[in-house]
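Asks: The sequence shown lines up with residues -23 to -1, 1 to 275 when you count with mature numbering (1 follows the signal peptide of the UniProt record, and there is no 0). Where a beta carbon is used, it is the ideal one built from N, C-alpha and C, also for glycine. Quick caveat: nothing in here was measured; it's all calculated off a predicted structure. Below are the C-alpha cells for one structure; questions will follow.
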Amino acid sequence: MQTQTPRTLASAASAAALVLLLAACGTEGGTGSGPGSGSDTVSPDLPVAGTHWTIGAVTVDGRRSAAPDGARVEFTKDGRVRGNSGCNTFGATVAVRGETLTVGPQEITAIGCPADRQRFETELMKALTGPLKGKLAGEALTLASADGRAGVELAAEADVPLRGTTWKIDGLVSGNTASSLPAGSGDKARLVFGADGRVTGNLGCNNFSAAARVEGKTVTIEGPAATTRMMCTSPQMRLETKLYELLDGPLTYRLDHRTLTLVNAEGEGLGAKAADAKAGATGGTSDGTDGQAPPASR
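Structure follows, in C-alpha cells:
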C-alpha cells in the first residue's frame, strides 16, 4: 500500500497541472490580440434602414457630380434599396453585412428627362452597385467602392409637417387608383397650409387663398376662395377646375415622410410631394402667390 502512494500523488499532480494549463490557454484566448483571441468581433450592421436619404453627389472614376433636386434613396428592412435619381425611380436588392452594403442589379423606369438629369442618373447607377463600404457620421452616410473611385454621398432627410411646407401637387386619387396630372397641365399646382389658418397656392393656373381648419386628420377648406383671374391653357384650366372641386369641404389627409394625400368622403382627392427647400418651401405663414397679382374672390 505504501509503495503505491507516490504514484497516486504524482498522478494527481499531473492532472492538476493539466487543468491549470488548459485554464491558462483559455485565458490567453480571451485577452490577446491575435487570431482566436476573441477581439476580432464582427462589426454591427450599419443602421441605414428606415431612414430616408437625400442624394447629395456621386463620384465615378474620381469625378464628382452634384445631384439634382429630388434625388433620394431608402434602404428597407426587407433587403431592398429604392429611390429616385431625380429622373427615374429605381430599385435593387441590398445586403448589409457590418459596414459593407452589397447592391444587386438595378431595376429602373424609363422616363425621358433633361440631359443633365440623365447624365447624373447614369453616374448614380454606376456608383450605387456591388459591394460598397459605408461610413456613417451623424446625419451623413458615404458609400465608397473598394478602390475609392466610385461613391455616393447621402444625408438623412427629415419628415416634414403639414403646415409650413410647400406641397407640389403631382397626381390625382380615385379610390385605390392614383394617376399623374393631365398632360399639358404644367407643374404650377401647389398648396401651403399656414400657421395663420389659411391655405394658399396655385391650382394649375391662378393663385388662390382660403380659410383652412385642421382638426386631427381632417382638413376643412372653408368659405369661398379668393383667386387671381388669369387665363391659361385648356389643360391647366381643366386641372384648376378639378382641384377646386376637390378642395371643397372636409378632406382626410395622410402624411408619409414627404408625401401628402388629401381625399374626400367619396375617395376622390390629390397627391402631393414636399418641394425641396431651394424650390420654394415657405415658413410658418401661408404665402403661395409667386408674386402675382393679389387674388379676388371666386
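Sort ASP233, GLY174, GLY148, ASN241 by Cα distance to LYS165 and report the nearest one.
Replies: Position 188 of the sequence shown holds residue 165. With distances taken between Cα atoms, LYS165 lies closest to GLY148.
Asks: Give the straight-line distance between the Cα atoms of ILE32 and ALA72, rounded to the nearest whole angstrom.
Replies: Counting from one through the sequence shown, the residue named residue 32 turns up at place 55. Counting from one through the sequence shown, the residue named residue 72 turns up at place 95. Between ILE32 and ALA72, the C-alpha separation is close to 19 Å.
Asks: Compute the beta-carbon to beta-carbon distance between VAL58 and VAL35, rounded to the nearest angstrom, for a pair I have assumed lies under 8 Å.
Replies: Here residue 58 refers to the residue found at position 81 of the sequence shown. Here residue 35 refers to the residue found at position 58 of the sequence shown. Going by Cβ atoms, the distance from VAL58 to VAL35 rounds to 14 Å, so no, they are not a contact pair.
Asks: Does the stretch 177 to 188 come close enough to the stretch 206 to 213 to have 3 or more Cβ pairs within less than 8 Å?
Replies: yes
Asks: Taking contact to mean at least 3 C-beta pairs separated by less than 8 Å, is the stretch 139 to 148 in contact with the stretch 112 to 127?
Replies: no
Asks: How is ARG126 classed by DSSP in three states: helix, strand or coil?
Replies: As a working note, residue 126 is residue 149 in the sequence shown. Of the three classes helix, strand and coil, the one that applies to ARG126 here is coil, per DSSP.
Asks: Near ALA87, what residues of its chain come up, given a Cβ to Cβ distance below 8 Å and the 5 sequence neighbours on each side ignored?
Replies: Position 110 of the sequence shown, counted from the start, is the residue given in the question as residue 87. Closer than 8 Å at the Cβ level, and outside the excluded window around ALA87, lie ASN65.
Asks: Given THR28, which residues of its chain have a CB within under 7 Å of its CB, disregarding the five upstream and five downstream residues?
Replies: What you label residue 28 is simply residue 51 of the sequence shown in a count that begins at 1. Taken in chain order, the residues that qualify are ALA133.
Asks: Let me check one thing: in DSSP terms, what residues is GLU199 bridge-paired to?
Replies: Against the sequence shown, residue 199 aligns to sequence position 222. Its beta-bridge partners are ALA188.
Asks: Nearest chain C C-beta to GLY246 closer than 7 Å, yes or no?
Replies: Considering every chain present, this structure includes no chain C. It has just one protein chain.
Asks: Taking the alpha-carbon of GLY125 as reference, which of GLY163, LEU109, ASN61 has the nearest alpha-carbon?
Replies: Counting from 1 along the sequence shown, the entry for residue 125 is found at position 148. Minimum Cα-Cα distance from GLY125 among the listed residues GLY163, LEU109, ASN61 corresponds to LEU109.
Asks: Determine the direct distance from the alpha carbon of GLN95 to that of GLY111, and round the result to whole angstroms.
Replies: Stepping through the sequence shown from its first residue, residue 111 is reached at position 134. Stepping through the sequence shown from its first residue, residue 95 is reached at position 118. Roughly 26 Å separates the two Cα atoms.
Asks: Whose C-alpha, out of ARG140, GLY161, ALA69, is nearest the C-alpha of ARG231?
Replies: For the purposes of this step, residue 231 is taken as the residue at position 254 of the sequence shown. Among ARG140, GLY161, ALA69, the Cα nearest to that of ARG231 belongs to ARG140.
Asks: Leaving out five residues on either side along the sequence, give the residues of the same chain with a beta carbon under 6 Å from the beta carbon of ASP136.
Replies: Here residue 136 corresponds to residue number 159 of the sequence shown, with the count starting at 1. Only HIS234 meet the Cβ criterion.
Asks: Is DSSP giving ALA1 helix, strand or coil here?
Replies: The count along the sequence shown starts at 1 and reaches residue 1 at position 24. The predicted position of ALA1 is uncertain, since its pLDDT is 42 and thus under 50; no value can be drawn from it.
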